[in-house]
Each structure stands twice: as C-alpha cells, then as structure tokens.
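Reviewing the structure listed below.
What follows is the structure in structure tokens.
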C-alpha cells in the first residue's frame, strides 16, 4: 500500500476501490482491503480503509483525513441515557483523548485513526483491558482490582444497567467527530466545542505520531517492570532486613523491596513480604521454603500487591499513632543496626526459678546503672530462669559482663550475655493468649 496517497487523490465520493494483494496481519494469508471516501455531514470527507479477512475473520477499519489538522481543535461530549445512543458512530483520530468521567477512566492518543459505533468502542476497550487480567491478579492485585472495576462497569453500560454516563473526546487536530443516526446538526445528547489550540503543544504531539518507532521505544522504557510477591512466615523476632538479605544470599534484593510486618505495639510479627521483578528470582526464593533460620523454620507462600501494600500502610499508620511505636518501628523497619536509644541490654541465664528482682540487683552488687529487670516465663507461666537487664549504655553492659559472667547466685552459676534491644523487644510478642509467652511486668 505504498501508493495509498495516490489512491486518495484520485478517489471520488462514494467510489470504492479494492486492493487484492494484501496479507492479513493476523494469519498472514492473502486478503482484500477496500478503500472508500465518505462525506460526513457537518464534518468533512474521510477515507475509510476496511480490512476483512475471509480466512480468520479478522476485521479492521481505519480512517484517514485529507488534512492532518483542522483550523481548530474540537471537544465532544456525548450523554448516554438510553440504549439507542450506543449506536452513534464515533470517528476517533490518532491524537484524540477519550474519557469516561463517571469511572475516572481515560485513554490517551491512539495508534491509528478509526471509526466504530460507541458500543463497538466499548467492546474493544473491554477486550483490551481484559487481556492481561489473569497475570495482574497473581502479581499486581491493586492494579487488577482497579481495572476489573472499570471492566464490570463498562459491561453494565453495554447492558443498559448503569445509565446515564458520558463519553468525552478532546482532539487538538480537530479530526474527531460523533455522528448521530439521523445526522442532524442539532442533537440534545451531543455537545460540541471548538477551541484554539496551542500550536507548539500540537506540533510536539504530532512529531511523536510521525516517529512511531521512537514513540514505541519511549513507551517501552517507561513501562513498569512486572513484579511478583512472596510472603515469608516464621522469621526470628530479632531478624532485620539485612539479616534476611544475607540469609537469602541475594545481594540484588534491596531493603526497599522488603516489608517487615509489625504489631500495634511496634514489635515484629515474624512475617515479611518480598517484592521481586522476575520469575527466576521468585523461583529461587521459593527454594528456601521449610529452610531453617536460627532455630526457626521458614514458610514461603505466594502473595500479591494488595497484601504487600497493606503491610506497608500498616507500618506507616503505626508510626503516626504513637511516638514510642514510631521509634521502635522506625528503627527496626529502617534497619538501623545501632541499638535502640543506645541502651545496653544484658541477658542472664541459669537463674534459680525463685529469683526476684532484688536477687538480681544483689548479684550485680546493687549497681546504680541498672535501669530495668525483666524475667522470662514459659507458656504455663513458669519462670525460665532467665531475665533481661537494661543498663545505662553499652559500655556499662560490657563491664558488667566481664565482671559477673559465670559468677554464682546461690548454688547456680549465672551466664551473662550482651544482646541487642531487638532481642529484648521480641520477647514482648503476644501469642493467642494475652501474654502467656511473656516477660514479667
């Protein structure tokens, strides 16, 4: 069809030419293309290129115009409040933007100019939006939900169940139009406005249209990468994002691709969500299912954007409702490896079950730098023979460990270890009862 412009120049009104040496873009078999010129009342002459493959049934109607742009741009608004209006014919140029305000739905410029009934356009939009919905549902849940909402409403428009709605068109080239069945210049359902366009803006759009390869390249570069999500359950309560990345041996997994889930008290739940950009990374992470991290067995499940996003929003909410929670969540979630508020934390093991807070203070010779003592209990409420001791700073913790490690309390040798505050905070995790696995108040 290299001589298409010559055909346009010689074609007369209501004349039709058939080109036989075309191949179908769908099945690659020989087929025919018909070219005709039509006079649209109150608009202009248009060329209609109709392709209909007899082999596979593929159809395609394209529109060409004598001039690439008219003197003014055009805006059209069609109100659809009864089924007959769905049969209005729509001429949409490449530069025409379409919107349905009731759905907050917009379509930008098109690859080609085309003509169809409004019902046909809606059917094409539904087909286009439905094409990748199965993949979106598995890996882009929020996007899937938004698109599914539009699809369902468009289907109801087709079935005349949610009328009225509006079909708006804005074409800076002035080459778009809406044709009523009676072709009357006066139509109560159609509002037409002409406007003076900004020529610089139009030329920018027009140049992009003239160079489709560059346009496709820009669209490809700006196209978001496909993303996949996993949920990891059973992580140690003191686990950080750095710990998880190191355990998974995946340096390309960045901290902003991980979301650690927290409770309202600001403590880690042992669950995390991971975002990756390829099937290969997804399959690699699945190999860690049932693997052991410290003393915990990890479980890995498929997840979706909705769950990932929900965990992120929950963390953001926690940071707002309470400054203390905000501090704990912020330090843990942002992976600040420095211990919280620079406090030193000691853990004592081997205590007599009957030990009291005063016994521990006596063990440390009533050191004035000891701030808080918390005993650990099992699910039955029985003492574990362990406790945490918070002291003024890390330097104090180091000194107390060196001086009192393996010293005796009564008939027991006491082990003294330095731990970070994450391990201390993790002991506040609540189980299905209020605080069975807990520490002393």
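Numbering (UniProt numbering), first residue to last: 1 to 441. Backbone N, C-alpha and C fix where the C-beta goes; we use that ideal spot for every residue, glycine too.
- prompt: Between residue 151 and residue 235, what straight-line distance do the alpha-carbon atoms span, to the nearest angstrom?
  reply: For the purposes of this step, residue 151 is taken as the residue at position 151 of the chain shown. For the purposes of this step, residue 235 is taken as the residue at position 235 of the chain shown. Residue 151 and residue 235: Cα-Cα distance of roughly 40 Å.
field: Inter-residue CB distance, residue 86 and residue 118 (contact presumed, cutoff 8 Å)
entry: Taking the first residue of the chain shown as 1, we reach residue 86 at position 86. Taking the first residue of the chain shown as 1, we reach residue 118 at position 118. That pair is a contact at about 5 Å.
- prompt: Since residue 274 and residue 293 are thought to touch, with beta carbons under 8 Å apart, how far apart are those beta carbons, to the nearest angstrom?
  reply: Here residue 274 corresponds to residue number 274 of the chain shown, with the count starting at 1. Here residue 293 corresponds to residue number 293 of the chain shown, with the count starting at 1. With 8 Å as the limit, residue 274 and residue 293 do not qualify as a contact, their Cβ atoms being about 14 Å apart.
- prompt: Would you report the Cα separation of residue 376 and residue 243, rounded to the nearest angstrom?
  reply: Along the chain shown, one-based indexing puts residue 376 at 376. Along the chain shown, one-based indexing puts residue 243 at 243. Going from the Cα of residue 376 to the Cα of residue 243 covers about 25 Å.
task: Out of 190, 351, 148, state which residue places its alpha-carbon closest to the alpha-carbon of residue 413.
output: Here residue 413 refers to the residue found at position 413 of the chain shown. Out of 190, 351, 148, 351 has the C-alpha closest to the C-alpha of residue 413.
query: Taking the alpha helix (DSSP H) that residue 234 falls in, what are its first and last residues?
result: To locate residue 234, count along the chain shown from 1; it is residue 234. From DSSP, residue 234 is part of no alpha helix (DSSP H); its letter is neither H nor E.
- prompt: Under the three-state reduction of DSSP, which class applies to residue 60: helix, strand or coil?
  reply: Looking up residue 60 in the chain shown gives position 60. Looking at residue 60 - three-state DSSP - the assignment turns out to be strand.
query: Does the Cβ-Cβ distance between residue 73 and residue 187 come in under 8 Å?
result: Looking up residue 73 in the chain shown gives position 73. Looking up residue 187 in the chain shown gives position 187. For residue 73 and residue 187, no; Cβs fall outside 8 Å.
task: Can you give me the start and stop residues for the beta strand (DSSP E) that residue 286 sits inside?
output: Position 286 of the chain shown, counted from the first residue, corresponds to residue 286. It is not in any beta strand (DSSP E) - residue 286 instead sits in the alpha helix (DSSP H) that spans 279–286.
query: What is the DSSP secondary structure of residue 257, reduced to helix, strand or coil?
result: Start at 1 with the first residue of the chain shown, and residue 257 comes out as number 257. Of the three classes helix, strand and coil, the one that applies to residue 257 here is helix, per DSSP.
message: Whether or not the region 165–180 and the region 79–98 are in contact is what I'm after, with contact meaning three or more pairs of Cβ atoms, one per stretch, closer than 8 Å; do they touch?
response: yes
query: Opposite residue 74 in the DSSP bridges: which residues?
result: For the purposes of this step, residue 74 is identified with residue 74 of the chain shown, where counting begins at 1. The partner list for residue 74 (beta bridge, DSSP) reads 171, 194.
message: Whole angstroms are fine: how far does the CA of residue 411 sit from the CA of residue 355?
response: Taking the first residue of the chain shown as 1, we reach residue 355 at position 355. Taking the first residue of the chain shown as 1, we reach residue 411 at position 411. Roughly 12 Å separates the two Cα atoms.
- prompt: With 16 as the cutoff for other CB atoms within 10 Å, does residue 33 come out buried or exposed?
  reply: Walking along the chain shown from the start, residue 33 turns up at place 33. Its Cβ being crowded by 16 or more others within 10 Å, residue 33 is buried.
Helix, strand or coil at residue 351 according to DSSP, with G and I counted as helix: Along the chain shown, read from residue 1 onward, the residue named residue 351 stands at position 351. Coil, per DSSP.
query: In this structure, does DSSP put residue 134 in helix, strand or coil?
result: Counting from one through the chain shown, the residue named residue 134 turns up at place 134. Three-state DSSP puts residue 134 in a helix.
query: Considering residue 89, what are the terminal residues of the beta strand (DSSP E) in which it resides?
result: If you number the chain shown from 1, residue 89 lands on position 89. Here the beta strand (DSSP E) through residue 89 covers 89–92.
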